[in-house]
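Residue numbers for the sequence shown, in the numbering used here: 5 to 107.
Structure first, then comments.
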Amino acid sequence: MKKLTTISDIGSVKIGIDGQFTLDVPNGYGDGDTAVIICDKDEYKPEDYALWASVRGNNINIYEYDCSDEVVETLSGKYGIYVAGDRGVFLNKGAVIFEKWED
Numbered sequence: 005m006k007k008l009t010t011i012s013d014i015g016s017v018k019i020g021i022d023g024q025f026t027l028d029v030p031n032g033y034g035d036g037d038t039a040v041i042i043c044d045k046d047e048y049k050p051e052d053y054a055l056w057a058s059v060r061g062n063n064i065n066i067y068e069y070d071c072s073d074e075v076v077e078t079l080s081g082k083y084g085i086y087v088a089g090d091r092g093v094f095l096n097k098g099a100v101i102f103e104k105w106e107d
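Below, the structure written as structure tokens:
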């Protein structure tokens, strides 16, 4: 499991593939720092997290700030994206979990 922190100015974690698309994953609470967890299947997922979407591909970037193009992590494979929202899990701030489903 890997934990990152990204910065949210529009309440999200920005992901995408350079030159193809970007997507803003809502963090569930708004602006500020967002915890991002990258884990293997069934490694870490509290029951009250909700599946928001899934992504599949190579070179899927996670950006350091939802209004910039600076990459902090690059993923490849198929991932479920889970959103915690304001559940009190991370000091009353949400987290976004990327759970690897397949290579």
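C-beta: ideal position from N, C-alpha, C; glycine also.
Keep in mind it's a predicted model, so treat the numbers as computed, not measured.
Residue span of the beta strand (DSSP E) that contains residue i, given as start and end
i, result
"Pro30", "Phe25 to Pro30"
"Ser72", "Premise fails: Ser72 is in no beta strand (DSSP E) and is neither H nor E."
"Ala39", "Gly36 to Asp44"
"Glu103", "Ala99 to Glu106"
"Lys7", "Lys6 to Ser12"
Contacts around residue i, its chain only, beta-carbon distance under 6 Å, and the 5 residues preceding and following it disregarded
i, result
"Leu79", "Ile64"
"Gly81", "Lys104, Glu106 and Asp107"
"Val59", "Tyr83"
"Gly34", "Gly15"
Euclidean distance between Cα positions of residue i and residue j
i, j, result
"Ala39", "Pro30", "12 Å"
"Lys6", "Asp22", "23 Å"
"Ile85", "Trp56", "6 Å"
"Asn62", "Gln24", "12 Å"
"Tyr53", "Tyr67", "22 Å"
"Asp2", "Ser72", "One cannot answer for residue 2 here, as it falls past the ends of the chain, which runs 5 to 107."
"Val17", "Cys43", "16 Å"
"Asp70", "Ile41", "16 Å"
Nonlocal neighbours in the same chain, by C-beta distance under 7 Å from residue i, ignoring five residues either side
i, result
"Val93", "Annotation note: pLDDT 48 at Val93 (below 50); position unreliable, coordinate value reported separately. So the list reads Pro50 and Ala99, once near-sequence residues are dropped."
"Gly20", "Thr26, Leu27 and Asn65"
DSSP bridge partner residues for residue i (one or two, in chain order)
i, result
"Gly20", "Thr26 and Asn65"
Own chain residues within Cβ distance below 8 Å of residue i, not counting five before or after
i, result
"Val37", "In the sequence on display, residue 37 carries Asp and not Val. Excluding sequence neighbours, Asp37 sits near Thr9, Thr10, Ile11, Ser12 and Lys97."
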